[in-house]
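A.B. asks:
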Amino acid sequence: MFRRFDAGEAEALADFLAGEPWPFHANATVDRAGVLDRVRDGHYDDTYWIEVGGVRAGVVRLFDLGDETPMFDLRISGRHRGRGLGRAAVRWLTDKVFTELAHVERIEATTRQDNVAMRRVLRQCGYVKEAHYRRAWPDADGTRHDSVGYAVIRPDWQSGGTTVPDFHDGD
Ligand SMILES: CC(C)(COP(=O)(O)OP(=O)(O)OC[C@H]1O[C@@H](n2cnc3c(N)ncnc32)[C@H](O)[C@@H]1OP(=O)(O)O)[C@@H](O)C(=O)NCCC(=O)NCCS
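The sequence shown maps to residues 7 to 177 in this note's numbering.
(1) When the Cα atoms are used, what is the spatial distance from Glu114 to Arg97?
(2) Since I believe Ala157 is in contact with Tyr133 (beta carbons under 8 Å), could you give me their beta-carbon distance rounded to a whole number of angstroms?
(3) Note down, one range per segment and in chain order, each alpha helix (DSSP H) of at least 4 residues found wholly within the segment 73 to 152.
(4) Given 7 Å as the limit, tell me if Phe30 has its C-beta closer than that to any heavy atom belonging to ligand 1.
(5) May I ask whether a heavy atom of ligand 1 can be found less than 7 Å away from the beta carbon of Ile82?
(6) Put Val45 into one of helix, strand or coil per three-state DSSP.
(7) Mind checking Ser153: buried by the 16 CB within 10 Å criterion, or exposed?
(8) Among the residues of its own chain, which have a CB less than 6 Å from the CB of Pro144, if the five just before and after it don't count?
(9) Can you find at least 3 beta carbon pairs, one from the segment 120 to 136 and one from the segment 157 to 167, that sit closer than 8 Å?
(10) May I ask you to verify whether the segment 83 to 90 touches the segment 60 to 68, counting CB pairs closer than 8 Å and requiring at least 3?
(11) For ligand 1, any of its heavy atoms closer than 7 Å to the Cβ of Thr117?
(12) Give me the DSSP bridge partner(s) of Phe69.
(13) What are the boundary residues of the beta strand (DSSP E) that includes Trp55?
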């Protein structure tokens with residue numbers, strides 16, 4: 007289901023990313039030529055296809071893997087959403103990163119406040135809301151959305167539980 011992207015598949019990745027809009031991303035449309043440039047630059051080195059029956063249904067790119075807090079970019083094609091792929095992908099990458107990279111303490115994800123599906127996936131995968139950034143996410147029309155930050159920490163991943171941030175610490 008998860009297969010590492012190979013630079014020889016650059017055209018397929020460009021087709022996938024430029025093939026539909028991604029309204030919850032800072033750049034809702036992806037420039038095909040830009041993808042090809044970024045493949046050459048190594049931008050997609052830690053990227054995985056999410057495949058269903060041999061069909062490319064999604065893509066997940068891991069980044070900042072050398073840091074204590076890596077992040078990821080997850081995109082499921084519109085016709086494959088709502089069938090559990092997003093949740094499976096976040097569970098898979100979380101297990102993979104914590105298992106393979108001993109220096110990683112946290113994995114973070116930031117999304118737009120109104121990205122209900124992504125927020126649901128994150129919560130279901132043990133990620134906890136840590137931050138709320140008011141009017142931090144301008145869209146293409148100039149409308150400013152709030153954004154929210156989630157993370158899973160290694161002890162929670164190990165125990166299967168969730169601890170909450172100490173929000174009520176005097177402010
Ligand atoms: C966000 C995304 C990755 C989720 O992937 P997915 O495969 O659709 O997710 P899943 O099917 O695993 O789960 C989605 C959950 O959200 C729920 N959901 C989806 N849209 C919803 C909505 N508008 N309101 C309430 N719940 C919603 C689904 O019911 C499901 O929950 P359930 O399984 O408990 O019923 C996918 O929609 C996507 O790629 N979106 C566009 C790109 C994007 O926003 N990426 C994240 C950027 S940070």
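The beta carbon of each residue, even a glycine, is placed where N, CA and C say it ideally should be.
C.D. replies: Taking the structure as given:
(1) Working through the sequence shown from its first residue, we reach residue 114 at position 108. Working through the sequence shown from its first residue, we reach residue 97 at position 91. In a straight line, the C-alpha of Glu114 is about 13 Å away from that of Arg97.
(2) In the sequence shown, residue 133 corresponds to position 127, counting from 1. In the sequence shown, residue 157 corresponds to position 151, counting from 1. Right, the Cβ-Cβ distance comes to about 6 Å (below 8 Å), so this counts as a contact.
(3) 91 to 106, 122 to 130
(4) Here the question's residue 30 lines up with position 24 in the sequence shown. Yes, the beta carbon of Phe30 sits closer than 7 Å to at least one heavy atom of ligand 1.
(5) Translated into the one-based positions of the sequence shown, residue 82 becomes position 76. Yes, the beta carbon of Ile82 sits closer than 7 Å to at least one heavy atom of ligand 1.
(6) Position 39 of the sequence shown, counting from 1, holds the residue named residue 45. Helix at Val45.
(7) Sequence index remark: in the sequence shown, residue 153 carries index 147 (1-based). Looking at its Cβ environment, which holds 16 or more other Cβ atoms inside 10 Å, Ser153 is buried.
(8) Numbered from its first residue, the sequence shown carries residue 144 at position 138. Excluding positions up to five away in sequence, the list reads Arg150.
(9) yes
(10) yes
(11) Counted from its first residue, the sequence shown places residue 117 at position 111. Indeed, a heavy atom of ligand 1 lies less than 7 Å from the Cβ.
(12) Numbered from its first residue, the sequence shown carries residue 69 at position 63. DSSP output for Phe69 lists Met77 as bridge partner(s).
(13) Position 49 of the sequence shown, counting from 1, holds the residue named residue 55. Residues 53 to 58.
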